[in-house]
Amino acid sequence: MTEGLTKRFGHVTAVDHLSLAVREGEVYGFLGPNGSGKTTTLRMLCGILVPTEGRGAVLGYDILRQPEQIKAAIGYMSQRFSLYDDLTTWENLTFYATVYGVSRRERAGRLAQMIRLADLTGQESKLAGQLSGGYRQRLALGCALAHAPRLLFLDEPTAGVDPVSRRNFWAIVRRLADEGITIMVTTHYMDEAEHCDRLGFIYQGRLIVEGPPATIKTTAFRKPVLEVSAPDVRKTADLLERWEAVEEIVRVGDRLRVILGDEALASADLVAWLEGQGVAARAERVPPSVEDLFVSFVDRERKARLREQLRAVGG
C-alpha cells in the first residue's frame, strides 16, 4: 500500500504521487512504457530506493523506517537477476537460501521443493552459465522463492525468453498465487497482462487506470475496436490513416485492427466511409485487448499533457 509515493532524481520526477494497494494473494500487473516509473516504484517498495515524498507499507513494514525487514521478507526478481554463472543450479539456490537465512535443517527440503516447483529437475549439477534462457529464468525465480516469501516482486521476468518458456513461467506464477503468495509483476508483453487479477497502467510516473482487465475493458474503455478485411489491406490501411475518426491501426495478418476515437461510431460507419473512397470492405466489432487499452490510455495521457503544456505557454 502506498500514498503519494514520489521519487525525484534531480529535476526529473520518476514516480509522481503514486497511491496503490495490492491485495493479498492476487497477481497485480504493473504496465507502462519504458521510463514510466515501473522499476523505480518496485525498487522503493523493496526497500532499495528511498522515496522523496509519500509513504508506504509492505507486509506491514514501513518502507522508510524498515527497509531491511522488507528485504528479508519479500522475494525480488529484477530485470537482470544476479545468478552466479560459475555456480551450479543447486549451488545458486543454496547460496540464496543461506543469504535469506533459511536454516541448515530446512534448507535441503526447501531447495528440493524449489527444484520441483521451477521444473529444474535434471539441471541441478549444471553451471548457471550453461543453462538456456528459460532455465535461467526459472532458476532466478527459485532463488527469489528460496525463503518462502509471502510477497513476490517480478520486474519484467520474461524479457528475452521464448514463448514456450514464457507460458511455462506464467503457469508457475499462477500456481504460486493459488497457494496464497501475492505477486506484483511488471511486463511489456500485453498477452501476459491477461493472466493478472488486476492491472495498473502507469504513465510518466502517474497511475492513470487501475482494475481487473475485464472491468477496465467494459467501463474505462468504450471506443469501438473493429476487425477489418479488404482485398487490398495495405491500400485500405493507407486510406484509414487519413480518416480523422481513426485513432489506431494495426495490421494483423491479412486483416486490420482499427480503434475508432468516437464511441458513437460503428462498423457500418467505417464500411460506408471506405465505400465512399472506392474500397469494398467488411468490418466487425471485436472485444478490446489489453494492448488496445494500453495504447489508447497512453495516447490519451500524452495528448492531455500536451494540452496542459500548450495552455501553460499560452497563459
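For the sequence shown, my numbering begins at 533 and goes up steadily by one. Quick reminder that beta carbons are idealized off the backbone N, C-alpha and C, glycines included.
When DSSP labels each residue in this structure, what does residue i get in the three-state scheme?
i, result
"residue 781", "strand"
"residue 753", "coil"
"residue 561", "strand"
"residue 676", "helix"
"residue 693", "coil"
"residue 491", "With the chain running from 533 to 847 in the structure shown, residue 491 is simply not present."
"residue 762", "coil"
"residue 748", "helix"
"residue 704", "helix"
"residue 743", "strand"
"residue 796", "coil"
"residue 654", "coil"
"residue 735", "strand"
"residue 825", "helix"
"residue 710", "helix"
"residue 547", "strand"
"residue 802", "helix"
"residue 830", "helix"
"residue 671", "helix"
Considering residue i, what are the terminal residues of the alpha helix (DSSP H) in which it resides?
i, result
"residue 641", "636-649"
"residue 630", "621-631"
"residue 848", "Summary: the structure shown does not reach residue 848, with the chain confined to residues 533 through 847, and so no result is reported for it."
"residue 724", "722-725"
What is the rounded straight-line gap between the Cα of residue i and the Cα of residue j?
i, j, result
"residue 680", "residue 730", "23 Å"
"residue 650", "residue 706", "12 Å"
"residue 803", "residue 755", "17 Å"
"residue 599", "residue 605", "10 Å"
"residue 732", "residue 563", "6 Å"
"residue 541", "residue 560", "26 Å"
"residue 829", "residue 739", "11 Å"
"residue 539", "residue 825", "26 Å"
"residue 509", "residue 823", "Outside the displayed span of the chain (533 to 847) sits residue 509, for which this structure offers no information."
"residue 675", "residue 661", "15 Å"
"residue 784", "residue 766", "11 Å"
"residue 818", "residue 648", "40 Å"
"residue 753", "residue 718", "21 Å"
"residue 589", "residue 743", "20 Å"
"residue 694", "residue 807", "42 Å"
"residue 801", "residue 816", "11 Å"
"residue 580", "residue 603", "8 Å"
"residue 772", "residue 788", "10 Å"
"residue 716", "residue 554", "8 Å"
"residue 769", "residue 611", "37 Å"
"residue 636", "residue 629", "9 Å"
"residue 558", "residue 708", "10 Å"
"residue 614", "residue 672", "8 Å"
"residue 594", "residue 570", "20 Å"
Considering residue i, what are the terminal residues of the beta strand (DSSP E) in which it resides?
i, result
"residue 539", "534-541"
"residue 582", "Here residue 582 belongs to no beta strand (DSSP E), and DSSP marks it neither H nor E."
"residue 556", "Note, residue 556: premise wrong, no beta strand (DSSP E); not H, not E."
"residue 687", "683-687"
"residue 774", "That residue, residue 774, is in no beta strand (DSSP E); it is neither H nor E in DSSP."
"residue 715", "714-718"
Problem set entry | Sufficient close CB pairs (3 or more, under 8 Å) joining the segment 732-748 to the segment 804-813 | Judged by pairs of C-beta atoms under 8 Å, the segment 732-748 does not touch the segment 804-813, as fewer than three such pairs exist.
Problem set entry | Ordered list of beta strand (DSSP E) runs contained in the segment 593-617, each at least 3 residues | 606-609, all fully within the segment 593-617.
For this session: Could you tell me whether the segment 606-623 touches the segment 665-681, where touching means 3 or more Cβ pairs closer than 8 Å?
Result: Inter-segment contact for the segment 606-623 and the segment 665-681 is present: three or more beta-carbon pairs are separated by less than 8 Å.
For this session: Report yes or no: do the segment 664-675 and the segment 692-699 share at least 3 C-beta pairs separated by less than 8 Å?
Result: In the pairwise beta carbon analysis, the segment 664-675 is classified as touching the segment 692-699: at least three pairs are separated by under 8 Å.
Exercise. Is there contact here, the segment 776-784 with the segment 792-801, by at least three beta-carbon pairs under 8 Å?
Worked result: Yes, they touch.
Exercise. Between the segment 713-729 and the segment 755-771, are three or more C-beta pairs nearer than 8 Å?
Worked result: Fewer than three beta-carbon pairs drawn from the segment 713-729 and the segment 755-771 are found closer than 8 Å, and the two stretches are therefore not classed as touching.
Exercise. Contact between the segment 613-628 and the segment 651-663: three or more CB pairs below 8 Å?
Worked result: The segment 613-628 and the segment 651-663 touch, with no fewer than 3 CB-CB distances between them shorter than 8 Å.
Exercise. Between the segment 634-651 and the segment 684-695, do three or more beta carbon pairs fall short of 8 Å?
Worked result: Cβ pair count under 8 Å is below three, so no.
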